[in-house]
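The structure appears below as structure tokens.
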Amino acid sequence: SFLRIIIVAAVALAVITCADAAELKVGDVFPDLTQFSLAGELPREHRGKVVLVDFWASWCAPCKSSFPALNELSSKFAKRGFVVIGISVDESKAAMQQFLKSTPAQFSVLHDAQQKLVQRLNVEAMPTSFLIDGTGRVRFIHSGFDGQKTRDAYAREIENLLSAAAAK
Numbered sequence: 412s413f414l415r416i417i418i419v420a421a422v423a424l425a426v427i428t429c430a431d432a433a434e435l436k437v438g439d440v441f442p443d444l445t446q447f448s449l450a451g452e453l454p455r456e457h458r459g460k461v462v463l464v465d466f467w468a469s470w471c472a473p474c475k476s477s478f479p480a481l482n483e484l485s486s487k488f489a490k491r492g493f494v495v496i497g498i499s500v501d502e503s504k505a506a507m508q509q510f511l512k513s514t515p516a517q518f519s520v521l522h523d524a525q526q527k528l529v530q531r532l533n534v535e536a537m538p539t540s541f542l543i544d545g546t547g548r549v550r551f552i553h554s555g556f557d558g559q560k561t562r563d564a565y566a567r568e569i570e571n572l573l574s575a576a577a578a579k
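Numbering-wise, the sequence shown is residues 412 to 579 according to the numbering used here.
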């Protein structure tokens, strides 16, 4: 019957859609950012470093409170091989620029206006950040930002990853 065809098609579409938006887990290799049409300049020397990739949006209040912590961690650990890359998921470039005017970033910011990367990673909450080791593997994932508690967790995790890299 026609209803059966519709149901089969809907299930097939759901399976294809879910398979395409595979959720990234700890231990997975983070995708190559150059493979997505992101506007902005990727830091040239990010390969082989410990990288925190932070997804944010202009309408997100916790994102606004996370930027001072990200700025602080970026400057504190930069000399030891740590890089922060912020990725705005705003569709509007103007909204992103307005946010950055009131909440400056002292790290690279890219724009995922078409949300190809955010969909590929199945990022659902803002902010969501991925802490990646020097081999490109995801080591920690944070959803949301809980002030000093999250900032301290970032600092501990970054310190551990940098120390492990230095010991090699």
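For each residue, glycine too, the CB sits at the ideal point set by N, CA and C. It should be emphasised that the depicted structure is a prediction, and the values quoted were computed from it without experimental measurement.
(message) For the pair the stretch 444-455 and the stretch 522-539, tell me if three or more CB-CB distances fall below 8 Å.
(response) Flag = yes, the stretch 444-455 and the stretch 522-539 touch.
(request) Flag this pair as yes or no: are the beta carbons of I552 and L528 separated by less than 8 Å? (result) no
(request) Just the C-alpha distance for M507 and L481, rounded to the nearest angstrom, thanks. (result) In this model, M507 and L481 are separated by some 17 Å (Cα to Cα).
(message) Shorter than 7 Å, the distance from the beta carbon of Q509 to the closest heavy atom of the ligand NAP, or not?
(response) Absence of the ligand NAP is noted for the structure shown, with no ligands found whatsoever.
(message) So, for F478: in the same chain, excluding its five sequence neighbours on each side, which residues have a beta-carbon less than 7 Å away from its beta-carbon?
(response) The beta carbon of F478 is closer than 7 Å to those of T514 and A516 in its chain, skipping five residues each way along the sequence.
(request) May I ask you to report which of helix, strand or coil DSSP gives A450? (result) strand
(message) Please return the same chain residues whose Cβ sits closer than 8 Å to the Cβ of V549, not counting the five positions on each side in sequence.
(response) L435, K436, V437, G438, D439, V440, F441, F541, L542 and I543
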